[in-house]
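Here's the structure we're looking at; comments come further down.
Residue numbers (the working numbering): 3 to 557.
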């Protein structure tokens with residue numbers, strides 16, 4: 003697998019689509035539907051304990067299956083281990099390193115050092131649980147041996163650009179693009195442990211953030227007051243799901259090299275559908291950005307559009323909406339003084355606002371000694387300029403110059419037209435069970451919010467069968483394992499790898515059971531049937547159909 007210490011699959015030719023898998027079947031499904039890499043957990047030390055997860059033998063088979071098809075396998079070791087678990091972790095890393103896996107995803111710095119020592123030929127990726135939010139942390143982790151950081155989920159696109167511009171080009175940036183989001187952003191949460199004893203930092207989260215809550219007043223026990231004006235109560239911390247499919251160009255242009263789909267507890271159908279959608283979107287990106295032909299032939303090597311500090315254009319490209327909105331969300335309205343009565347007590351800097359200096363003008367200098375109301379009340383202390391800058395960076399009502407001192411420049415991004423995706427592709431996220439979608443924290447002007455009225459999934463499509471085989475005999479027949487009812491005249495879709503789904507109307511006749519006996523409809527789940535189908539369809543392809551009435555449940 004290794005050649006001169008390098009995995010031949012390591013060289014990055016295009017953005018990576020990283021798919022989840024909770025078992026060996028999910029791993030193979032992800033690879034079959036185009037995943038460049040699959041992440042999965044073992045029987046221990048992963049941040050998801052609900053899925054069945056993979057044994058050492060599964061990892062060997064899965065890695066072999068993936069490598070034969072040009073994909074890679076990453077293993078999650080991202081729990082926060084307690085003292086009693088350290089030696090067990092050491093033993094497990096020693097067992098994993100010989101299974102053929104490509105990378106270990108870690109959070110704990112001790113585990114990282116341990117893995118680097120025991121398995122030096124296995125890549126180290128730093129989990130989102132580590133909360134990497136700046137280029138200094140990413141650079142330090144690179145020097146410790148990490149070759150990838152999974153950025154904290156609360157990062158906006160401008161922050162991704164700024165990190166990309168200031169870390170080595172051979173360090174990957176992995177960003178979430180689809181799936182459920184944690185109310186604790188990057189997952190370091192004690193809510194479940196406190197309420198249920200199930201530790202979210204050991205993969206056992208009970209998701210109490212999705213539960214329904216009402217207020218009880220201390221002197222009125224038994225009287226429950228809904229947080230919103232309903233009789234149902236409210237789901238206080240129930241975050242929306244993420245969907246970045248139509249914004250994949252912004253994320254790749256900003257320096258993300260791996261696009262991560264959340265969902266190791268999800269079904270094989272979910273894995274197939276979302277992997278296929280994002281892989282197709284990346285292929286469209288590569289073609290429309292001029293890196294590849296429609297047949298996948300390389301025209302020019304892939305590169306992001308972020309301008310590095312050593313590039314002559316670093317400070318010269320005009321601001322764009324992503325940069326402007328990131329600053330506006332972080333510091334308030336650029337060019338306006340702090341809001342009167344702001345609780346930080348820090349007044350506006352001397353020298354005027356950015357409106358006076360001009361948007362592109364020099365930074366307005368802060369007073370070397372700025373009196374601070376909170377410090378004054380504590381004893382009359384004053385802030386020096388450095389402390390003043392640090393305080394201002396935590397406030398919401400600064401001028402742009404307070405937060406972005408002279409000498410700091412956001413990384414710019416060379417402009418390019420939006421990558422247009424076909425309508426059928428944009429419809430794919432609505433064909434799996436999901437909560438209301440958002441774009442997470444990538445666009446500060448439209449941040450993720452909560453679904454306060456329900457926590458269930460919305461489902462408008464369901465899986466009705468799975469292809470076992472296809473034969474050209476009798477004009478073409480497909481043998482399936484049934485999952486839900488299929489009847490004559492019903493419109494279904496076959497989910498095809500790398501293609502638009504095949505729409506098909508079930509014919510009025512020709513449905514048969516496993517013995518070849520004609521049936522009026524397919525209405526026995528988990529039984530074998532066959533039906534006419536002149537179009538060749540691949541083995542294991544999911545067959546789906548619209549629900550007669552949209553429901554609030556998972557697939």
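Built from N, CA and C at the ideal position, the CB exists for glycine as well.
None of the values given here were measured: they were computed from a predicted structure.
Could you tell me the alpha carbon to alpha carbon distance between residue i and residue j, rounded to whole angstroms?
i           : j           : result
residue 544 : residue 496 : 6 Å
residue 303 : residue 473 : 41 Å
residue 22  : residue 33  : 10 Å
residue 378 : residue 133 : Any reading at residue 378 needs caution, since the residue's pLDDT is 43, under 50, leaving its predicted position unreliable; the model's value is listed next. Rounded to whole angstroms, residue 378 to residue 133 spans 34 Å at the Cα level.
residue 595 : residue 270 : For the chain, the structure presents residues 3 to 557; residue 595 sits outside this window and is missing.
residue 19  : residue 439 : 20 Å
residue 136 : residue 516 : 59 Å
residue 508 : residue 501 : 21 Å
residue 309 : residue 43  : 36 Å
residue 102 : residue 254 : 29 Å
residue 1   : residue 320 : With the chain running from 3 to 557 in the structure shown, residue 1 is simply not present.
residue 31  : residue 274 : 6 Å
residue 2   : residue 294 : Outside the shown range of the chain, which is 3 to 557, sits residue 2, and nothing can be said about it.
residue 161 : residue 168 : 11 Å
residue 369 : residue 411 : Low per-residue confidence applies at residue 369: pLDDT is 39, beneath 50, and the placement is therefore not dependable enough to give any value.
residue 521 : residue 458 : 36 Å
residue 450 : residue 158 : 12 Å
residue 163 : residue 464 : 39 Å
residue 322 : residue 425 : 27 Å
residue 487 : residue 24  : 27 Å
residue 542 : residue 471 : 8 Å
residue 95  : residue 29  : 20 Å
residue 171 : residue 154 : 19 Å
residue 91  : residue 97  : 10 Å
residue 467 : residue 548 : 13 Å
residue 282 : residue 324 : 25 Å
residue 215 : residue 93  : 43 Å
residue 288 : residue 503 : 21 Å
Should residue i and residue j be called a contact, given that it needs their Cβ atoms to be closer than 8 Å?
i           : j           : result
residue 461 : residue 494 : no
residue 484 : residue 528 : yes
residue 265 : residue 166 : no
residue 99  : residue 124 : yes
residue 558 : residue 499 : As shown, the chain starts at 3 and ends at 557. That puts residue 558 outside it, with no answer to give.
residue 243 : residue 181 : yes
residue 79  : residue 40  : no
residue 246 : residue 444 : yes
residue 279 : residue 427 : yes
residue 86  : residue 75  : no
residue 150 : residue 307 : no
residue 128 : residue 152 : yes
residue 184 : residue 267 : no
residue 73  : residue 121 : no
residue 505 : residue 491 : no
Leaving aside the five residues before and after residue i along the sequence, list all residues of the same chain whose C-beta is less than 6 Å from its C-beta, in chain order.
i           : result
residue 202 : 191, 194
residue 198 : 208
residue 532 : 479, 481, 514
residue 475 : none
residue 260 : 18, 20, 174, 176
Excluding five sequence neighbours on each side, which residues of the same chain lie with their C-beta closer than 7 Å to the C-beta of residue i?
i           : result
residue 26  : 56, 60, 63, 64
residue 110 : 82, 83
residue 66  : 102
Given a threshold of 16 other Cβ atoms within 10 Å of its Cβ, counted over all protein chains shown, does residue i qualify as buried or as exposed?
i           : result
residue 277 : buried
residue 130 : buried
residue 226 : exposed
residue 442 : buried
residue 1   : Residue 1 lies beyond the residue range present for the chain, which begins at 3 and ends at 557; the question has no answer from this structure.
residue 436 : buried
residue 179 : buried
residue 430 : buried
residue 140 : buried
residue 284 : buried
Compute the beta-carbon to beta-carbon distance between residue i and residue j, rounded to the nearest angstrom, for a pair I have assumed lies under 8 Å.
i           : j           : result
residue 291 : residue 418 : 7 Å
residue 331 : residue 447 : 6 Å
residue 512 : residue 534 : 4 Å
residue 156 : residue 262 : Contact doesn't hold; Cβ gap of about 15 Å is too wide.
residue 206 : residue 212 : No, residue 206 and residue 212 are not in contact; Cβ-Cβ is about 15 Å, not under 8 Å.
Apart from the five residues just before and just after residue i, which ones in its own chain have a Cβ nearer than 8 Å to its Cβ?
i           : result
residue 118 : 126, 146, 147
residue 552 : 460, 461, 462
residue 300 : 15, 293, 294
residue 530 : 470, 481, 482, 483, 484, 515, 516
residue 58  : 44, 97, 98, 101
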